[in-house]
Every structure is written in C-alpha cells, then in structure tokens.
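Using this note's numbering, the letters of the sequence shown correspond one by one to residues 1075 to 1235. Beta carbons are placed, not taken as given, at the ideal position from N, Cα and C, and that holds for glycine. Scroll down for the structure; my scribbles are underneath it.
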Amino acid sequence: MAEYSIEFAQEMSKASNGIVSAGLGAEDAQRAALYIGLVACEIAIKSALEQAGKPISDIRTNRHNLSELLNDLSNCTILTEVSAGALTRVPATRIRSIVVDNNYTDATVGKLLQAEQFGVSRFPNEIRYGDVVRHFPASVIARLSDKVVAWVKLHFDDLQA
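Printed below as a string of structure tokens:
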C-alpha cells in the first residue's frame, strides 16, 4: 500500500475548488481554499515521487517544502510520444511550464509552487496561522491543485526517479 495517495490529493483539490465555488467573501474561506489547495499539491507530488521509486525517507526529508518537492519531481522522467507510436523519456520538468491561469502573467505550476521566492506566506504554517496571509488568489491555487493532480494522474504509471 502506498504512503501517499493521489486519490486523496484529488479529493483535497475538489474540496479547495468547492470552497472557491461556494464563495470567497470571508477571509477564512480564502485561507481554507488556499491551504487545502496547497496540501493537494503537496500530496500529489509526494505520491508521484513515491510512484517514481523515491524512498519514503527521502520524500519526508522535504516535509512541506513545495519548491524542494517540485525540484525532486523535476529530476524524474516521464514518457512522451515523440512521433507516431514512438515513446521516449523526457524530464518531468515539463510540469513547471503548465499554465494555471491565463488571466495572470506567468501563472505556471513552477512559479506558483515556488511562490515563497516572491515573498508570499510560507506553507504550511504562515497560511494556517497569523493575522495576514500574503499569497496568490485562492481561486488560482485551487486551479493549480487541479493541474498538478491531473498531471500526476496522467503520468502516474510512467514516472521514474
């Protein structure tokens, strides 16, 4: 049995998007959608790393650091079709360039998961606690979680460390 579940990540992503759909008028609703969306990304990436063959102890080393987890995932490979029926291994770094929201300049999976370099609140503690949360809009992070989960599910069976 796997330590990290992509299905659990998918349910967390649905919950984040559900909060967004219900309305983000309250500051706590935004904080909840943001936090749950980031947890969904964390679990999805950890699930991918585990599936790729990374030891659980190595995955736990980065705990909740989304930037480091993304770096670890970027060191893996996935299969892609280069011509009709011809598959080849390519770096999983391709996840970084997936556009999350066309309404924002450069709102890609890579930029959003490495958001701490732009001065946003650190995940998870500064999202869960404190008076002020500085981050990208919760609706964008909810969509981010959809994109990350979908990518991991698409490549789940061909990920390699």
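Proximal residues to residue i (C-beta, below 7 Å), its chain only, five neighbours per side dropped
i     : result
R1202 : Y1109
V1173 : A1181, T1182
E1077 : E1124, I1130
Which of helix, strand or coil DSSP assigns to residue i
i     : result
A1055 : Residue coverage of the chain in this structure runs from 1075 to 1235, which leaves residue 1055 outside it and unanswerable.
S1195 : coil
I1152 : strand
Q1188 : coil
V1174 : coil
Cutoff 8 Å; reference residue i; Cβ partners in own chain excluding five residues on either side
i     : result
I1093 : A1103, A1106, A1107, I1110, A1212, A1216
Buried versus exposed, by CB contacts within 10 Å (16 or more), residue i
i     : result
F1210 : buried
M1075 : exposed
Q1234 : exposed
S1131 : exposed
S1219 : buried
A1122 : buried
L1186 : buried
L1228 : exposed
V1222 : buried
V1164 : exposed
E1081 : exposed
Residues near residue i in its chain [Cβ-Cβ closer than 6 Å; skip 5 each side]
i     : result
F1230 : Q1125
D1232 : I1152, L1153
is_contact[residue i, chain D] using C-beta, thresh 8 Å
i     : result
Y1109 : Annotation note: the requested chain D is absent from the structure, which comprises a single protein chain.
Any non-hydrogen atom of the ligand PLP within 7 Å of residue i CB
i     : result
T1167 : Among the components of this structure there are no ligands whatsoever, and the ligand PLP is therefore not found.
For the stretch 1123-1168, which segments carrying the beta strand (DSSP E) assignment without a break, of at least 3 residues, lie completely within its bounds, in sequence order?
1151-1157, 1160-1165
Assess contact between the stretch 1081-1091 and the stretch 1177-1193, defined as three or more Cβ pairs (one per stretch) separated by less than 8 Å. Is contact present?
no
Count the C-beta pairs between the stretch 1162-1178 and the stretch 1140-1150 that are closer than 8 Å, then say yes if the count reaches three, no if not.
yes
In the stretch 1076-1125, which residue ranges form an unbroken alpha helix (DSSP H) of at least 4 residues, counting only runs that do not cross its ends?
1080-1096
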